[in-house]
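Engineer: First to last, the protein sequences are chains A and B. Going left to right, the first sequence walks through residues 1 to 686 as this note's numbering numbers them. Going left to right, the second sequence walks through residues 687 to 1372 as this note's numbering numbers them. From the three backbone atoms N, C-alpha and C, an ideal C-beta is built for every residue, glycine too. Given the structure is predicted, the values throughout are model-derived calculations rather than measurements. Quick one: the structure is below, and I'll ask about it shortly.
Number of protein chains: 2
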Amino acid sequence: MVRTILAVMSCLVFISGVEAQPLNLVPMPAKVQMGSGQLLIGPTFSVSIVGRHEPRLDRVVEIFLGQLGRQIGMPPIDMQVADSTNATLLIQAAGGTKDVQELGEDESYRLEISTSGARLNAPTTLGIMRGLQTILQLVQTTSAGFAVTAVSIEDSPRFPWRGLMIDVGRHFIPLDVLRRNLDGMAAVKLNVFHWHLSENQGFRIESKKFPKLQSMGSDGLYYTQDEVRGVIAYARERGIRVVPEFDMPGHATAWFVGYPELASGSGPYQIERRWGVFDPAMDPTREETYKFLDAFIGEMAGLFPDQFFHIGGDEVNGKEWDANPKIQSFMRAHSLKDHNDLQAYFNQRVQKIVAKHGKTMLGWDEILRPDLPKSIVIQSWRGPDSLAQAAKQGYRGLLSSGYYVDLMWSAERHYAADPLSGAAASLTPEEQKRILGGEACMWAEYVSPENIDSRIWPRTAAIAERLWSPQDVRDVNSMYQRLSVASNWLDGFGLTHNSSYAPMLRRIAGTNDIAALKVLGDVLEPVKDYTREETAPVPATSASPLNRVVDAIRPESATARQFADAVEQLLGSAAKPGSEARVRNLLSVWRDNQVELGSQFEKSLLLREVAPISQNLSALGAAGLAALDYLDRGQPAPPAWVAQQLALVEQAEKPQAQLLIMVAPSVRKLIQASAGQAAPSLSPAK
Amino acid sequence: MVRTILAVMSCLVFISGVEAQPLNLVPMPAKVQMGSGQLLIGPTFSVSIVGRHEPRLDRVVEIFLGQLGRQIGMPPIDMQVADSTNATLLIQAAGGTKDVQELGEDESYRLEISTSGARLNAPTTLGIMRGLQTILQLVQTTSAGFAVTAVSIEDSPRFPWRGLMIDVGRHFIPLDVLRRNLDGMAAVKLNVFHWHLSENQGFRIESKKFPKLQSMGSDGLYYTQDEVRGVIAYARERGIRVVPEFDMPGHATAWFVGYPELASGSGPYQIERRWGVFDPAMDPTREETYKFLDAFIGEMAGLFPDQFFHIGGDEVNGKEWDANPKIQSFMRAHSLKDHNDLQAYFNQRVQKIVAKHGKTMLGWDEILRPDLPKSIVIQSWRGPDSLAQAAKQGYRGLLSSGYYVDLMWSAERHYAADPLSGAAASLTPEEQKRILGGEACMWAEYVSPENIDSRIWPRTAAIAERLWSPQDVRDVNSMYQRLSVASNWLDGFGLTHNSSYAPMLRRIAGTNDIAALKVLGDVLEPVKDYTREETAPVPATSASPLNRVVDAIRPESATARQFADAVEQLLGSAAKPGSEARVRNLLSVWRDNQVELGSQFEKSLLLREVAPISQNLSALGAAGLAALDYLDRGQPAPPAWVAQQLALVEQAEKPQAQLLIMVAPSVRKLIQASAGQAAPSLSPAK
């Protein structure tokens, strides 16, 4: 059977001998062999589905053509079934897909692009989806129009579970934001959307059996079941499984607002507004708790088709259990010596319920106890060693430690985290197979619909590459080069990680004139790990505004990274012409920026908290320039001056307004070099 | 009855004596009296509904608080009914609203903001909606946090019909794009969304009675009836009526693909891909046509609750009628002397059908014939004179001439168009009352979901002001000043008129480095009126890509306007210090830009078409600088040089790649001044 879908954009036209451009693919495929020439994507473009053909494939190609159309600016019309003889992209899937996407379904594909046509083969429709994303990433602006480079690609994922978790409990995230993130996930070949649906701060899904869960536990901010079905369908069309998480027995305060009888304390309960770990926990000693969970999990198991069901299970502090005499006597009666034992008892009961409803249980590190069946999966926030330990005991696991995107790490640091590193590196092959992959985690204390995309993207694309590409794909410079292209390319899905920056700065400044604020913001990053909590003058809550500079600026400063490279080059032995000019230029802009920005501070309360940071940046600029002057003159800077400047750098490096000036370490290097400790005179290299 | 809705953002806190900022309101209210001081919008904010209270008002306040939250970066939680004693914004609506929003419903409101609280009163919930939008626009970033200025406003619209038409026939526009535009409309107090749903190029709505309309006439791009109901509900919550248009008997090719028997030709018909006026027209002589229309209009009249029903009626060329002997004999039998008579006959029949289904008919200029009842409304694309003529005959009318935003006019030019200008200015008051207002029209030959917002906004806000504010509000500088603030503020609704620019330029250039392309793009505008069609090397179709520079750049160049102002000032008698530096700075950037951009042309086909424009801009920069040198030296430029440079300007002013360099006229002024014709030496003013 041969069917062809013809789109407006048709005729992959032959041309050759045009400039070769680097392949900006993220994740990098397993095997790439460059061809010569390229295939033009002209005013029309045709795709033909060859051979075995499930209806789902039509929709997959339709989505592909729609996205290709948006990407190159073509209307999505004229799509029609036609003869294949004129088609230039031939798609052939040897098999279909499961009714419900399964863990480990074959995602491999083979893509051949020559100057005369393209062919995409895969064992399954899933592999076709992955290959089509590769084609989209190959499309480039060229001197002859849009084109894809001639190339031969054989590709398959390193790990079968490559996820993104979004916490919609702490801050509700609307459907349109989820959908554009699913598009972004599909673009970088992630295949699991882990939907963290309940938290102390909110219960975010409609239950028809227990409607007070959402009516009293969500501030009105929840998804209806129809909406959930819509998200699942949207994800499925993109080859993404949806795994729901209902955190229990802790992290569950929002459940107790409507159903206080579930809890171990006496209630009443309010939706939690603060952040942290709290005492309320389900009562594991009452049969009614399990009756409730049986009915609830049954309802949700019917709604979510995926095989896996996440029960959370993290961070139970046991205080409500300790304070409840009935629970204490239950523990004594059952020889449960502490709250960990009691939670293990709870988990066993819940596991049976989950299994009864046909699902496989998944939970965070804490659920790992030898009394649970080997079928369960452990998601590790503790690290690869904890994962290795689980694998040795026969449990399957996922790495999330190293992939918490709320911690504001650099892409490089996430990229370095590997599920098979540390103790996992020395597991047997069979044990290693139990490590299924990993998940980026977007915990949501400090995200809103306005800035969440900027916390997820583009760094999550680096994590996606770690989980898809061969382990030896680890060149950081190449990753950053490709990530910068991918970041702008991801704009095309409506993701706002780039576009929300300027509007947020304008709001802070109260003016459209944000050039100077942007100069400052471009070298800042939010403080890392949990420093934001630790340094907050007043503890934040779920009702706190997210409109400060720290909320607007990006997790990783590209300017600082580029400046560090330029300084390194300048001070190294192989300084290129022009590098001093580039460094001087940036330093001058920073030195003078305080003058530009200074007049704005008095007009905005939100801006004022960065005034000291702006002064520090200015001082760093001046110090760096002075250091360069010493270097240029080839004479060491006076020790007193050096000491004074280094003290200034140290001062500037301290977090302020929960922000860090990321260029400070590079300025320190310039000062140290000017002291004559290592660096030669710069004159020859200028 | 007193209810209070408390939101997170609460406590309008007293402060005073802070700097007064200009009120950036669009449209400008009828009466504004400035108070002193301001009301802070602190970490929480409370609203209380006082007195009579319809349920709809709750939802209106909820939308307001949601938008306020997004605007200032606060989570939309903690909304609850509470006592009014602590509330600081009191809302009181004397009456409710009609079940279906009516033309002429009272939209007035009165807003009092003092340093101790705010009060919004209105006769109806509609008035409350308008007043809440004014409050949102009053929120400013200040030295003390977000605040609204103390002010007293009495406001009501000049015209009761203030619309935006979006043509979704020529290019399909997805629901999310419509919704964000409805938000933008509500923000500037527009109250009619005119939905142009059918065209030669597409029939965009599901008919359950005639499903081949959408299944064969839309390329699969249409709205389901559920989706339409969703849009109507969304609009209603924002005080916007939804008027559907089904263009007939012409502009209807897409109908005939599924139902060729409706047409006057012999068929078969294909969806039209070209732009223009085409021959196919409904057959007005067959009773079956009216039976079809009766059933179809009945179905749509049930779906769209609004009183008005637009039947188009424009641009019928009569050729299919002339070519059909049966139609010719019908005309002779009924003494219809030409195709205008036949269309008038058709309109009479259709008007009776529309009236039978309880609706009032609306149509373009062409439907105006004395044989139609006075109840119908004429929408004029011909101008205020045509409108005045209709009013004199007793017909109500709307102005759209002057408000076609697809023609790429400046905001200033749209702003000058007034429904009561020209012949309409001398109508009697009673006749003037028949002129109901006007509508901005977004015809969609050259818009896609990617760039449509940039064609509508911010210029439509200037039209909205013309239709809402008193006629004597016409200071163009003030309008532009307020529009520039409103434009960025409209970003907050997800409108992409600002944010889509850079991604489109990046696609064209094929690189993230678009600084030089932006310098060029910022001084360009698309050609005006219908010049794009007239100058197209190949006629565009609905399948053409919309990815060229002309599709990316904005309809109005702010840079060119600011440059023109600076040149005017420099050459005028009261040149301010620094104006020559500003002018020189821009000219230098343009002169040097060709060097920056030059290397990129060979890498991109899409970019290459603006290479000559870039060269021209460079030459204009050099010419302007040389002219300034002559002026500085206080000696006239040599006539030969002047002639040569003026020829260059003339060359640069010619459309190229369907673009105009908007700074050329100002450079001409500099050259003319340098010839010593009028301008003094610049030295004293520098």
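Among residues of its own chain, excluding the 5 on either side of Gln1342 of chain B, which ones have a beta-carbon nearer than 7 Å to its beta-carbon?
Structural biologist: Here the question's residue 1342 of chain B lines up with position 656 in the second sequence. Taken in chain order, the residues that qualify are Pro1298 and Ile1299.
Engineer: What distance in whole Å lies between the Cβ atoms of Gln1344 of chain B and Pro1212 of chain B, which are believed to be in contact at a cut-off of 8 Å?
Structural biologist: Looking up residue 1212 of chain B in the second sequence gives position 526. Looking up residue 1344 of chain B in the second sequence gives position 658. Confirmed, Cβ separation roughly 6 Å.
Engineer: What whole-angstrom Cβ distance do Val485 of chain A and Ala560 of chain A have, given they're in contact under 8 Å?
Structural biologist: Looking up residue 485 of chain A in the first sequence gives position 485. Looking up residue 560 of chain A in the first sequence gives position 560. Wrong, their Cβ atoms sit about 20 Å apart, outside the cutoff.
Engineer: Decide if His334 of chain A is buried, meaning its Cβ has at least 16 other Cβ atoms within 10 Å, or exposed.
Structural biologist: For the purposes of this step, residue 334 of chain A is taken as the residue at position 334 of the first sequence. Classification of His334 of chain A: exposed, given that the 10 Å Cβ count is below 16.
Engineer: Short of 9 Å Cβ to Cβ, which residues in the segment 855–869 of chain B face chain A?
Structural biologist: Hits within the stretch, in order: His857, Phe858 and Asp862.
Engineer: Let me confirm a value: Leu1054 of chain B is counted as buried when at least 16 other C-beta atoms fall within 10 Å, else exposed. Which label applies?
Structural biologist: Along the second sequence, read from residue 1 onward, the residue named residue 1054 of chain B stands at position 368. That one is buried.
Engineer: Going by C-alpha to C-alpha distance, which of A:Val242, A:Asn593 and A:Asn347 sits closest to Ser370 of chain A?
Structural biologist: One-based indexing of the first sequence puts residue 370 of chain A at position 370. Per the sequence shown, residue 370 of chain A should be read as Pro rather than Ser. Residue A:Asn347 is the option with its Cα nearest to Pro370 of chain A.
Engineer: Within 10 angstroms of the Cβ of Val1353 of chain B, are there 16 or more other Cβ atoms? Answer buried if so, exposed if not.
Structural biologist: Taking the first residue of the second sequence as 1, we reach residue 1353 of chain B at position 667. So Val1353 of chain B ends up on the buried side.
Engineer: Provide the residue(s) that pair with Leu90 of chain A in DSSP beta bridges, ordered along the chain.
Structural biologist: On the first sequence, residue 90 of chain A is found 90 positions in, with the first residue counted as 1. Leu90 of chain A is bridged to A:Ser48 and A:Arg119.
Engineer: Just the Cα atoms here: how many angstroms apart are Leu628 of chain A and Val231 of chain A?
Structural biologist: Residue 628 of chain A sits at position 628 when you count from the first residue of the first sequence. Residue 231 of chain A sits at position 231 when you count from the first residue of the first sequence. Approximately 56 Å between the Cα atoms of the pair.
Engineer: Locate the alpha helix (DSSP H) running through Met1165 of chain B, then write down its first and last residues.
Structural biologist: In the second sequence, residue 1165 of chain B corresponds to position 479, counting from 1. Note, Met1165 of chain B: alpha helix (DSSP H), Val1162 to Leu1176.
Engineer: What is the rounded straight-line gap between the Cα of Thr939 of chain B and the Cα of Ala1074 of chain B?
Structural biologist: Sequence index remark: in the second sequence, residue 939 of chain B carries index 253 (1-based). Sequence index remark: in the second sequence, residue 1074 of chain B carries index 388 (1-based). Using only the alpha carbons, I get a separation of about 32 Å.
Engineer: With distances taken Cα to Cα, identify the nearest neighbour of Gly1180 of chain B among B:Thr783, B:Pro1135, B:Phe845 and B:Trp1129.
Structural biologist: To locate residue 1180 of chain B, count along the second sequence from 1; it is residue 494. Looking at the Cα atoms, B:Pro1135 is the closest of the given residues.
Engineer: What does Ile1376 of chain B reach in chain A if we use C-beta pairs closer than 9 Å?
Structural biologist: Examination of residue 1376 of chain B is not possible in this model, given that chain B is present from 687 through 1372 alone.
Engineer: For chain B, check one thing: does any of its Cβ atoms lie closer than 8 Å to the Cβ of Gly510 of chain A?
Structural biologist: In the first sequence, the residue the question calls residue 510 of chain A occupies position 510. Taking Cβ atoms only, chain B reaches closer than 8 Å to Gly510 of chain A, which makes this a yes.
Engineer: Which class does Phe278 of chain A belong to by DSSP, given the choice of helix, strand or coil?
Structural biologist: Reading the first sequence from its first residue, position 278 is the one you call residue 278 of chain A. The answer is coil: DSSP assigns Phe278 of chain A none of H, G, I, E or B.
Engineer: Taking the alpha carbon of Ile777 of chain B as the reference point, which residue from B:Trp1050, B:Arg816 and B:Glu1282 has its own alpha carbon closest?
Structural biologist: The residue labelled residue 777 of chain B in the question sits at position 91 within the second sequence. The shortest C-alpha separation from Ile777 of chain B is found at B:Arg816.
Engineer: What does the alpha-carbon distance come out to for the pair Asp1051 of chain B and Gly999 of chain B?
Structural biologist: Walking along the second sequence from the start, residue 1051 of chain B turns up at place 365. Walking along the second sequence from the start, residue 999 of chain B turns up at place 313. Between Asp1051 of chain B and Gly999 of chain B, the C-alpha separation is close to 8 Å.
Engineer: Do the CB positions of Leu1153 of chain B and Phe879 of chain B come within less than 8 Å of each other?
Structural biologist: Here residue 1153 of chain B is taken as the residue at index 467 of the second sequence, counted from 1. Here residue 879 of chain B is taken as the residue at index 193 of the second sequence, counted from 1. Result no, Cβ atoms of Leu1153 of chain B and Phe879 of chain B do not sit closer than 8 Å.
Engineer: Name, going along the chain, the residues of the segment 872–895 of chain B whose beta-carbon falls closer than 7 Å to a beta-carbon of chain A.
Structural biologist: Under the 7 Å Cβ criterion, the segment 872–895 of chain B contributes no residue.
Engineer: Quick test of the definition: if touching needs 3 or more C-beta pairs under 8 Å, does the segment 143–163 of chain A touch the segment 455–472 of chain A?
Structural biologist: Taking 8 Å as the limit for Cβ pairs, the verdict is that the segment 455–472 of chain A does touch the segment 143–163 of chain A.
Engineer: Might you give, ordered along the chain, the residues of its own chain that have their beta carbon closer than 7 Å to the beta carbon of Pro412 of chain A, omitting 5 neighbours on each side?
Structural biologist: As a position in the first sequence, residue 412 of chain A is number 412, starting the count at 1. Residue identity check: residue 412 of chain A is Glu in the sequence provided, not Pro. The answer, listed in chain order, is Val476.
Engineer: Strictly below 8 Å CB to CB, what residues from chain B border Ser448 of chain A?
Structural biologist: As a position in the first sequence, residue 448 of chain A is number 448, starting the count at 1. Those within 8 Å of Ser448 of chain A in chain B are Gly759 and Pro761.
Engineer: For chain B, check one thing: does any of its Cβ atoms lie closer than 8 Å to the Cβ of Pro157 of chain A?
Structural biologist: On the first sequence, position 157 is the one that residue 157 of chain A refers to. So, not an interface residue.
Engineer: Which residue or residues does DSSP assign as beta-bridge partners of Asp167 of chain A?
Structural biologist: In the first sequence, counting from the first residue as 1, residue 167 of chain A sits at position 167. According to DSSP, which records beta bridges pairwise, Asp167 of chain A is partnered with A:His196.
Engineer: Beta-carbon of Val81 of chain A versus every beta-carbon of chain B: anything under 8 Å?
Structural biologist: As a position in the first sequence, residue 81 of chain A is number 81, starting the count at 1. Because the pLDDT at Val81 of chain A is just 44, under 50, the model does not fix this residue reliably, and the value given afterwards should be weighed accordingly. Chain B contact via Cβ: absent.
Engineer: Alpha carbon to alpha carbon, how far is Val1205 of chain B from Thr141 of chain A? Give it in angstroms, no decimals.
Structural biologist: In the first sequence, the residue the question calls residue 141 of chain A occupies position 141. In the second sequence, the residue the question calls residue 1205 of chain B occupies position 519. Spanning the two alpha carbons is a distance of roughly 20 Å.
Engineer: In the segment 1288–1338 of chain B, which residue ranges form an unbroken beta strand (DSSP E) of at least 3 residues, counting only runs that do not cross its ends?
Structural biologist: You should have found no qualifying run.
Engineer: Using the beta-carbon count (16 or more within 10 Å), is Arg59 of chain A buried or exposed?
Structural biologist: Residue mapping note: residue 59 of chain A aligns to position 59 of the first sequence, counting from 1. Exposed: under 16 other Cβ atoms inside 10 Å.
Engineer: Taking Cβ positions, are Met248 of chain A and Phe309 of chain A nearer each other than 8 Å?
Structural biologist: For the purposes of this step, residue 248 of chain A is identified with residue 248 of the first sequence, where counting begins at 1. For the purposes of this step, residue 309 of chain A is identified with residue 309 of the first sequence, where counting begins at 1. No, the Cβ-Cβ distance between Met248 of chain A and Phe309 of chain A is not below 8 Å.
Engineer: Identify, in the order they occur along the chain, each residue of the same chain with its Cβ nearer than 6 Å to the Cβ of Gly755 of chain B, setting aside the five sequence neighbours on each side.
Structural biologist: Counting from one through the second sequence, the residue named residue 755 of chain B turns up at place 69. If we look at Gly755 of chain B and ignore the five residues flanking it on each side, its Cβ neighbours are Pro762.
Engineer: Give a yes or no on contact between the segment 525–541 of chain A and the segment 492–506 of chain A, applying the rule of three or more CB pairs nearer than 8 Å.
Structural biologist: Taking 8 Å as the limit for Cβ pairs, the verdict is that the segment 492–506 of chain A does not touch the segment 525–541 of chain A.
Engineer: Per DSSP, Gln656 of chain A is paired with what?
Structural biologist: Within the first sequence, the letter at position 656 stands for residue 656 of chain A. Answer is A:Leu659.
Engineer: Let's see if you can read the secondary structure: which residues bound the alpha helix (DSSP H) around Met815 of chain B?
Structural biologist: Translated into positions along the second sequence, residue 815 of chain B becomes position 129. Thr811 to Leu824 is the span of the alpha helix (DSSP H), which, as asked, contains Met815 of chain B.
Engineer: Restricting to runs no shorter than 4 residues, where is the alpha helix (DSSP H) found entirely within the segment 368–421 of chain A?
Structural biologist: The segment 368–421 of chain A contains these whole alpha helix (DSSP H) runs: 384–392 and 411–416.
Engineer: According to DSSP, is Trp255 of chain A part of a helix, a strand, or is it coil?
Structural biologist: Residue mapping note: residue 255 of chain A aligns to position 255 of the first sequence, counting from 1. Reduced to three states, the DSSP call for Trp255 of chain A is helix.
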